[in-house]
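What follows is one structure encoded as structure tokens, with my remarks underneath.
Numbering (this note's numbering), first residue to last: 181 to 235.
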């Protein structure tokens, strides 16, 4: 089994996602896939938490 991890910029737009799909399709062995939050989402969640903490 192979573990592949794709960071936020790897899934930032449709072109990047297509590259990820191509990589996944080119593998013939079992895969365990880890995908980070989409680009900008982690920062957005942090801002939301900070606002909630200030209330």
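Glycine included, every Cβ here is placed at the ideal spot set by N, Cα and C. This structure is a prediction, so every number in the text was calculated from the model and none was measured.
Would you kindly check if the distance between the Cβ of residue 202 and the Cβ of residue 196 is under 7 Å?
no
For residue 218, which three-state DSSP category applies?
coil
Do you know how far the Cα of residue 199 is from the Cα of residue 213?
Rounded to the nearest angstrom, the two C-alpha atoms are 14 Å apart.
Pick out the complete beta strand (DSSP E) segments inside the segment 184-232, 3 residues or longer, and give them in chain order.
Taking only runs of at least 3 residues, the beta strand (DSSP E) segments lying wholly in the segment 184-232 are 211-215.
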